[in-house]
Amino acid sequence: MNSRQPHTPTVPGSASGFTLMEILVAIFIFALLITTIFGSFRAVFSSADAVGGDVAVFASARTCLGRMATDLSGLYISDYPRYAKPEFNEPEDPYRFVGDVSDLAGSSFGLLQFASLAHLPINRDYRQGVGRIVYYVVQQPDESLVLRRADHLYPFPEFEPSEDDPILCDRLLALEFEYMDADGESSDRWDSESADTEYATPRSVAVRLTVGQPSRPTTFSTRIPLHVYRKAAE
């Protein structure tokens, strides 16, 4: 009796292990998965950074508009009969209200000066009183724009931009003020020492503030009523 086992033919490719082609395909699939996963993480982190930046912008703008509302709510003016219309070569009213527009970095920005009881003591000067407040925009060395707030007690020195003035808002893109008179007419300029405004002060101030990145601008606006005002001259 023949005890030899029948011969089983060898099928090509049935040996244990992987072929070179299979290894290359596995590496390709693995690389594709890793790229997709890291791409998803990058998108998530980028979105989180953007959201975090937006939150900071919102907080900064809210603080800025809140400070402006407080300052303007404490508006201090000279009123009749103490106030007299300016005559030739007479000194200007120290408590005048002036809204103007300045050109900077190819754009126009609001500039506002007024007297207020909302003076903030800084540099360990804790005196109280009427302060002259000036909102003005300056360009930083990195070409970004910031809004500064100057605040000096009476007697008021001549205004000069200073790096000592606190930054009220950074990453500024646009700043507009609009002044409304007793008849509801609006203007982007105002001077309480001018015949054009009949030597009156405005009844409200609208603020339009745009901040953030040029690719992601965010605009905030508010209107602040002025509880103290001087009527037009008769």
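Quick note: the sequence shown uses our numbering, first residue 1184, plus one each step.
Note that the Cβ used here is the ideal one computed from N, Cα and C, for glycine as well.
- Task: Please go through the same chain and pick out, in chain order, the residues whose beta-carbon is closer than 6 Å to the beta-carbon of arginine 1315, but skip the five residues on each side of it.
- Result: Ala1298, His1335, Phe1339.
- Task: Helix, strand or coil for alanine 1233, going by three-state DSSP, please let me know.
- Result: Here the model assigns alanine 1233 a pLDDT of 47, short of 50, so the residue's position is not dependable and the matter cannot be decided.
- Message: If you reduce the DSSP assignment to three classes, tell me which class glycine 1282 lands in.
- Response: strand
- methionine 1363 bridges to which residues according to DSSP? Answer by DSSP bridge pairing, in chain order: Ser1369, Ser1387.
- Item | For glycine 1289, the first and last residue of its enclosing beta strand (DSSP E) | Glycine 1289 -> no beta strand (DSSP E), and no H or E assigned at all.
- Task: Locate the beta strand (DSSP E) running through glutamine 1322, then write down its first and last residues.
- Result: 1314 to 1322
- Message: Whether or not the segment 1299 to 1313 and the segment 1390 to 1402 are in contact is what I'm after, with contact meaning three or more pairs of Cβ atoms, one per stretch, closer than 8 Å; do they touch?
- Response: Contact check between the segment 1390 to 1402 and the segment 1299 to 1313: fewer than three CB pairs, one atom from each, fall below 8 Å, which does not count as touching.
- Message: Just to check my reading of the structure: leucine 1355 and valine 1411 have Cβ atoms closer than 8 Å, yes? What is that Cβ distance to the nearest angstrom?
- Response: Not a contact, Cβ separation roughly 28 Å.
- Do serine 1387 and isoleucine 1407 have their CB atoms nearer than 8 Å? yes
- Query: Is it a yes or a no for the segment 1264 to 1281 touching the segment 1234 to 1251, going by three-plus beta-carbon pairs under 8 Å?
  - Reply: The segment 1264 to 1281 is not in contact with the segment 1234 to 1251.
- Identity of the residues DSSP links to valine 1329 by a beta bridge: As DSSP reads the structure, valine 1329 sits in a beta bridge with Val1321.
- Report yes if the C-beta of arginine 1331 is less than 7 Å from at least one heavy atom of the ligand NAD; otherwise report no. For the ligand NAD, the structure offers nothing, since it holds no ligand at all.
- Query: What are the partner residues of cysteine 1352, as DSSP defines its beta bridges?
  - Reply: Leu1330
- Item | Where serine 1345 falls, given that 16 or more other Cβ within 10 Å makes a residue buried | Of the residues assessed, serine 1345 falls on the exposed side of the cut-off, its CB having fewer than 16 other CB atoms within 10 angstroms.
- Query: Who are histidine 1410's beta bridge partners in DSSP?
  - Reply: Note: histidine 1410 sits in no beta bridge, so no partner.
- Item | Exposed unless 16 or more other CB atoms sit within 10 angstroms - verdict on leucine 1328 | Looking at its Cβ environment, which holds 16 or more other Cβ atoms inside 10 Å, leucine 1328 is buried.
- Task: Return the residue from the list Leu1303, Thr1380, Ala1383 that minimises the CA-CA distance to aspartate 1348.
- Result: Leu1303
- According to the neighbour-count rule (16 or more other Cβ atoms, all chains shown, within 10 Å of its Cβ), is isoleucine 1206 buried or exposed? Exposed.
- Between the C-alpha atoms of aspartate 1325 and aspartate 1286, what's the straight-line distance to the nearest angstrom? Distance from the CA of aspartate 1325 to the CA of aspartate 1286, rounded to the nearest whole angstrom, comes to 18 Å.
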